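First to last, the sequence lines map onto chains C and A. For the first sequence, the UniProt record's numbering gives the first residue as 1, with consecutive numbering after it. For the second sequence, the UniProt record's numbering gives the first residue as 1, with consecutive numbering after it.
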Amino acid sequence: MQEIHASQVRPPFYRDERVLGIFSQLLVVIIVVGLGLFFYSNMITGLREKHNVAISFSFLGQAAGFDIGESLIEYSRERTYLRAFVVGLLNTFQVAFLGIIFATALGIVIGVMRLSTNFLVSRIASIYIDIFRNIPLLVLLIFWAQAVFLKLPRVAEAIILPGPIFLSNRGVAIPWGIPTDSWGTFLLVLGAGIVLGAVVSYLLREQGKRTGRMPLITLWFLLTVAAVGLVGWIVLPQPVTLDQPFLEGFNTKGGKILSQQFMALLSGLIIYTAAFIAEVVRAGIQSVSKGQREAATSLGLNPAQTLRLIIFPQALRVIIPPLTSQYLNLTKNSSLAIAIGYPDLFAVAGNTILNQTGREIEMFTMIMGTYLSLSLLTSLLMNIYNRRIRLVER
Amino acid sequence: MTTAAGTPSDRSVLPATERYTVLGWLRRNLFSDLLNSLLTIVALAFVFFIARLLLRWAFVNAEWGVIPANFNLIMRGQYPAVEAWRLWLIIYLLGAVVGVMWRLISGQFSGAARVLIAIPFVLMLIPFFSMGTRLNLLITAVASGVGYAIAGYLPIQRRGRAAAYLLLAYLLVMLILLRGVGAEEGPMPPVQPILWGGLLLSLLLAFFGITLSFPLGVLLALGRQSKLPAIRVISVVYIEFIRGVPLISLLFMGQVMLQLFLPDGFPLVDRVLRALVAITLFSAAYTAENVRGGLQSISRGQYEAAQALGLSTYQSTMHIILPQALRAVIPVLVGQFISLFKDTTLVALVGIFDLLGIARTIIANPDWLGTQPEVFAFIAVLFWIFSYSMSYASRRIEQRLGVGER
């Protein structure tokens, strides 16, 4: 009998996986490239024939000619479009940064409440989560802007909270520090404190490696910085003076005024995102198996040590990736600011500048490029972090 | 199984079930120690405060008159009132289709079926509905009962396939009824999609967004896992690009730039359709990432076993890999669909009158100045009901399929 090896019998080329693979790739590439070229040529001819313009970013140097409600850097209508774009970008950063901090705090509180053994407390948390995860963010934002902050009393009848904080339909006035001449020196002292703290934690870590007993390094770092900062605060002639808002006529004076739009956007984002973060936190804590806690107890660790050394590090591994994607979501969701009139990146660039200049392609390239680089940067950092904390398996 | 080992004898003692008296339950869950009691008291005070605030507003201060007065607008937007019978016909048919599908797929009249059949009757209780509306709801309920009864007599072999065809046929009929055919003076004059609005449009956008983005997302997920480098790169670039930008920028781009990409003289694409394209392309990238999670959860052994059995790549994907992968990610996918449904509100920002867009026109109406809290609370509740039922249904399906148990 003649033996036939499988390797000797070649299938016909149309059933050969390798040929099929190359063929299907070619097909997909041709389709994608073809579509891209088709759209691109349509766009170029359309632009040339209808609008008689070519793609160029030179308009960014022209004067913007419009005002922006609030800005972190100095801006006026004589400044360039590029400057306006940066103002929007900084406003986005501002709201995203504050939103992330407060949403994380609220989310952790609610996530932990959800796991409480107290029936009432865990019920309140789960109702909160069920309500806000199932309502569209945009509805929530517009609700806050139009049904809450717009309905606040006039300035003369403002609601006054201790602080003093004035709530009125013009926004929220809070006390704010005004830096004095010695502020710069104080910052230098604080910087020195951070350097000193880093040195202290390095020494402690080395000592820990030698003795095998790791001290609470982060705590010591913070204590060092705080101590140096306190010394600087006492020695220097008052680096910051407190400026409290007060009523004067039909307006509040002094302090810092957070606009109604800013407050509505910020509170909407916080309340919405916190519901999602709470679920992330809960899932993370629940992911640590019961055996871990029992093993720690039988090793003689006390509850605080168990939490710090066993539960928390393992929960964090589960929590961090989805938490980061929530942060990204919050940042991207801040583009809904356009619905309530807060001048963020999208509202300034995608609406005002675009309408004034008609430069669709250039503006969308810039907007999407900005958001895209932000999220790619985050996922890059995330991947590095994930590699570091990955479970080392056998 | 042999009877020798493992049959529980009658004398075996079951673990004691815990029984509490009311006081015992309170003590254990609310007042187990000092800290817990303190927490309970603070929480009670908080609940009381919030509840009083909400109830006082809802029953004393709120002016709910704005809702009945604009109810038709909220439900169907600018869809002409004379053509409303078409929408009712769609709803009757929906009732009938649900009845038939229930018989084909589930086969029994269980708890969830009772809830479904109760919906029209509960809606009939809404005080400001006219008698005509109530009659229409009754017809819907009857239609679903008739559908359920008839389906029992159908000599159908492949129930799943029959259900799929029925659904497709329903979609076609629905679109024809909505859009209309023939001349302006005919029995069913065309209604432009820009006139569709309110809840009708929100549900349509969500439904078609889901059905169109799902296959695209599965393809992209398979592409990302593919061994073929060109396909993988294209999928990765698409997914990462879309996930990196906010939906609102895609929607604006669709409105402003889509026409620019198309050849000169191409008919103007409808505004609603442009939004649907943006939503679909956006959601597909997220679906792809979710499905990829399912694909990654499948052990190599499954691929190898399929190969050893002589299945082609296509066969093993369709019959071995995808069914398992999709079942593993049902909860995540439903979560994605819920967020798509919520994201349809963004079309209100590009001049389309979905539920939120209609709400904004109502509060801009001088007759209803200052009714923002009532209108927005109402549509928030509407959105909530739909999203919450979706997530509830997904939890039930998950239990039935035994995800995470097998």
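Built from N, CA and C at the ideal position, the CB exists for glycine as well. Bear in mind that the values here come from a model prediction, so they are computed numbers and not experimental data.
The beta-carbon of A/Gln336 is placed no less than 8 Å from the nearest beta-carbon of chain C. Between the alpha carbons of C/Gln25 and A/Arg159 lies a gap of roughly 37 Å. At the C-beta level, C/Leu120 and A/Thr21 stay beyond 8 Å of one another.
The criterion of a C-beta distance shorter than 8 Å is not satisfied by A/Ala169 and A/Leu104. For A/Ile298, the three-state secondary structure derived from DSSP is coil.
Residues of the segment 125-137 of chain C with a Cβ closer than 9 Å to any Cβ of chain A, in chain order: Asp130, Ile131, Arg133, Asn134, Ile135, Pro136 and Leu137.
Using a Cβ-Cβ cut-off of 8 Å, A/Leu125 is close to nothing in chain C; its nearest Cβ partner there is about 23 Å away. Annotated three-state conformation of C/Gly177 is strand, per DSSP.
By the Cβ test, the segment 62-81 of chain A is in contact with the segment 364-374 of chain A, since at least three Cβ pairs between them sit closer than 8 Å. Contact of A/Asp264 with chain C by beta-carbon distance below 9 Å involves Asn42, Thr45, Gly46, Glu49 and Lys50. At a cut-off of 8 Å between C-beta atoms, C/Val109 does not count as an interface residue with respect to chain A.
Residues of chain A whose Cβ lies closer than 8 Å to the Cβ of C/Met382 do not exist, since the nearest Cβ in that chain is about 13 Å away. In terms of Cβ geometry, C/Met382 and C/Pro321 form a close pair [threshold 8 Å]. Contact check for C/Ala349 against C/Phe93 fails: the beta carbons are separated by 8 Å or more. Below 8 Å, enough C-beta pairs join the segment 259-268 of chain C and the segment 330-341 of chain C to call them touching: three or more. For A/Phe383, the closest C-alpha among the options A/Asn365, A/Ala359 and A/Ala364 is that of A/Ala359.
Of the residues assessed, A/Glu185 falls on the exposed side of the cut-off, its CB having fewer than 16 other CB atoms within 10 angstroms. Annotation: Cβ neighbours of A/Arg243 in chain C (cutoff 8 Å, chain order): Ser375. Assignment of A/Thr21 by DSSP, reduced to helix, strand and coil, places it in the coil class. By the C-beta criterion, the segment 268-277 of chain A is judged to be in contact with the segment 344-356 of chain A, since at least 3 inter-stretch pairs fall below 8 Å. In this structure, DSSP gives C/Lys151 a state outside helix and strand, which the three-state scheme calls coil.
Under the three-pair Cβ rule at 8 Å, the segment 190-210 of chain A does not count as touching the segment 307-316 of chain A.
Cβ atoms of A/Asn290 and A/Val237 stay farther apart than 8 Å, at about 18 Å. Excluding residues up to 5 positions away in sequence, Met174 and Leu177 lie with their Cβ nearer than 6 Å to the Cβ of A/Ile90 in the same chain.
By the neighbour-count definition (other C-beta atoms within 10 Å, threshold 16), C/Thr45 is an exposed residue. If you compare the alpha carbons of A/Ala118, A/Gly357, A/Ile338 and A/Pro155 with that of A/Leu201, the shortest gap goes to A/Gly357.
Chain A places no beta carbon closer than 8 Å to that of C/Ser168, leaving this residue out of the contacts.
Under the Cβ distance rule, C/Glu360 counts among the residues neighbouring chain A, one pair being separated by less than 8 Å. Taking a beta-carbon distance threshold of 8 Å, A/Leu260 counts as an interface residue toward chain C.
Taking 8 Å as the cut-off, the Cβ atoms of C/Val288 and C/Ala315 count as close. Contact between A/Ile338 and A/Gly198 does not hold, since the beta-carbon distance rounds to 20 Å and is not under 8 Å. Secondary structure at C/Ala63: strand, using DSSP grouped into helix, strand and coil.
Distance between A/Ala164 and A/Thr211, taken at the CA atoms: about 13 Å. Under a criterion of Cβ atoms nearer than 8 Å, the residues of chain C adjacent to A/Phe383 are, in order, Asn134, Ile135, Pro136 and Val139.
Counting C-beta pairs with one atom in each stretch, the segment 195-202 of chain C and the segment 215-226 of chain C have three or more that are closer than 8 Å, which means they touch. Contact of C/Met368 with chain A by beta-carbon distance below 7 Å involves Val245 and Ser249.
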